[in-house]
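Worksheet for the structure shown next.
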Amino acid sequence: MKLLGVAIMVLVPIVALGHEARLHRGKPTEGEVASVQGDHLSLKTAAGSVPVTLTDETKVERESQQATRADLAPGTHVAVFGTKLPTGELVAREIVIEGGAHHGSKATP
Numbered sequence: 038m039k040l041l042g043v044a045i046m047v048l049v050p051i052v053a054l055g056h057e058a059r060l061h062r063g064k065p066t067e068g069e070v071a072s073v074q075g076d077h078l079s080l081k082t083a084a085g086s087v088p089v090t091l092t093d094e095t096k097v098e099r100e101s102q103q104a105t106r107a108d109l110a111p112g113t114h115v116a117v118f119g120t121k122l123p124t125g126e127l128v129a130r131e132i133v134i135e136g137g138a139h140h141g142s143k144a145t146p
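All residue numbers for the sequence shown refer to my numbering, where the first residue is 38 and numbers rise by one.
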């Protein structure tokens with residue numbers, strides 16, 4: 038029984054951390070959603086605007102939970118994992134919504 042308790046104490050934090058953007062495979066492109074039109078969004082990054090294409094396989098998540106494309110509203114801060122094409126377009130494999138803000142709402146101090 039002790040072994041089970043130890044296993045749970047070790048595995049639960051590992052599983053929870055597995056959904057943090059910094060622990061996903063590859064280096065994300067981070068920024069704020071500027072606009073969304075169908076399967077395309079514009080991501081405002083420190084380097085400028087990046088066009089992002091979503092496919093049927095694109096996963097969206099927030100706080101270790103599955104989210105939907107409807108959660109990708111302008112103003113939402115995200116980390117996008119995917120393939121950058123020679124055109125500069127990013128084809129999203131996974132989008133992690135960062136922070137607790139929903140639908141682009143900003144926290145007030």
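The beta carbon of each residue, even a glycine, is placed where N, CA and C say it ideally should be.
According to DSSP, residues forming a beta bridge with residue i
| i | result |
| --- | --- |
| Lys64 | Its beta-bridge partners do not exist; DSSP assigns none. |
| Glu98 | Gln103, Val133 |
| Gly119 | Ala129 |
| Gly85 | Thr82 |
| Leu91 | Ala129 |
Helix, strand or coil at residue i according to DSSP, with G and I counted as helix
| i | result |
| --- | --- |
| Asp149 | What the structure shows of the chain is the stretch from 38 to 146, and residue 149 is not part of that stretch, so it cannot be assessed. |
Straight-line Cα distance separating residue j from residue i
| i | j | result |
| --- | --- | --- |
| Val87 | Glu100 | 24 Å |
| Lys81 | Gln102 | 24 Å |
| Val3 | Pro123 | Lying outside 38 to 146, the shown extent of the chain, residue 3 is not represented and no answer is given. |
| Ala71 | Pro111 | 5 Å |
- the segment 88-98 touching the segment 120-133, judged by at least three CB pairs closer than 8 Å: Yes: at least three Cβ pairs fall under 8 Å.
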